[in-house]
Amino acid sequence: MVKVLFVCLGNICRSPMAEAVFRNMVKEEGLKEQIIVDSAGTSNWHEGEPPHEGTRNKLDELSISYDGIVARQIKEDDLKTFDYIITMDDQNMNDIKDMFDINGSVVVSKLMDFVPNPKEANVPDPYYTGDFDYTYELVKEASQHLLEHIVNNHNLKG
Ligand code: 4NP
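Position 138 of the sequence shown, counting from 1, maps to 150 under the numbering used here, and the rest follow consecutively.
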């Protein structure tokens, strides 16, 4: 079982979008028994809340489920539980490094680092930009590359 945790600041805009989009791709590829997907925030500001309305609207438009997604803060145990911790930007990455000792086999990477020649190095935060469409475009493309990487790295077959 491969376990993937997406991380952003608030866990209401970008990382729950990535969680829903990636889980949907995993399901479509017939890999849902082999890959577990979750998300968390570096902050606890929105603990217990559903995804932001902008993220929900985008996912509704695409008929992608976000059932059961509730904001929570990343915890030390996540670094042991998950194989991949995928951050949305440099700030999330630096915050995780400040909060925890990263050791063991966990891979901590930025989502856009899986894209060859990415348009952006960081996933822009629609909480500030208001542009959930552009964030979705980037998340979708990068998620396809991330899934390909995981499938190849772990010899998964759908
Ligand atoms: P996210 O966006 O990290 O993509 O979930 C944010 C959500 C909330 C806040 C900042 C960013 N906030 O300041 O409450």
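Where is the CB? At the ideal position from N, CA and C, for every residue including glycine.
Bear in mind that the values here come from a model prediction, so they are computed numbers and not experimental data.
The alpha helix (DSSP H) enclosing residue i, as first and last residue numbers
i: F34; result: R26 to E40
i: Y7; result: No information on residue 7 is available, as it lies outside the stretch 13 to 170 that the chain covers here.
i: L43; result: Here L43 belongs to no alpha helix (DSSP H), and DSSP marks it neither H nor E.
i: K92; result: D90 to T93
For residue i, the three-state DSSP class (helix, strand or coil)
i: I114; result: coil
i: Q6; result: Any question about residue 6 goes unanswered here, given that the chain covers just 13 to 170.
i: D143; result: coil
i: L71; result: helix
i: K169; result: coil
i: K122; result: strand
Proximity below 8 Å, CB of residue i to CB of residue j
i: F94; j: V118; result: yes
i: G22; j: P138; result: no
i: P28; j: I86; result: no
i: V135; j: H157; result: no
i: H166; j: V16; result: no
i: D107; j: T54; result: yes
i: Y148; j: K70; result: yes
Proximity winner among the options, relative to residue i (alpha-carbon distances)
i: L168; options: I24, M29 and I47; result: I47
i: E59; options: I76, V120 and R84; result: R84
i: S155; options: W57, G142, T141 and D125; result: D125
i: L74; options: M37, N106, F18 and K122; result: M37
i: K39; options: L71, I76, H64 and N56; result: I76
i: S51; options: H64, N115 and F18; result: F18
i: I114; options: N129, E88 and A133; result: E88
Expected contact under 8 Å - CB spacing of residue i and residue j to nearest Å
i: C25; j: N104; result: Actually they are not in contact, since the Cβ atoms of C25 and N104 sit about 12 Å apart, beyond 8 Å.
i: G170; j: E31; result: Going by Cβ atoms, the distance from G170 to E31 rounds to 19 Å, so no, they are not a contact pair.
i: I97; j: D90; result: 7 Å
i: V49; j: R35; result: 4 Å
i: K131; j: L150; result: 7 Å
i: K152; j: G116; result: Not a contact, Cβ separation roughly 30 Å.
Segment limits, beta strand (DSSP E) that includes residue i
i: D50; result: I47 to G53
i: K15; result: V14 to C20
Check: residue i C-beta below 7 Å from any heavy atom of ligand 2
i: R35; result: Within the structure as shown, ligand 2 is missing, the only ligands being ligand 1.
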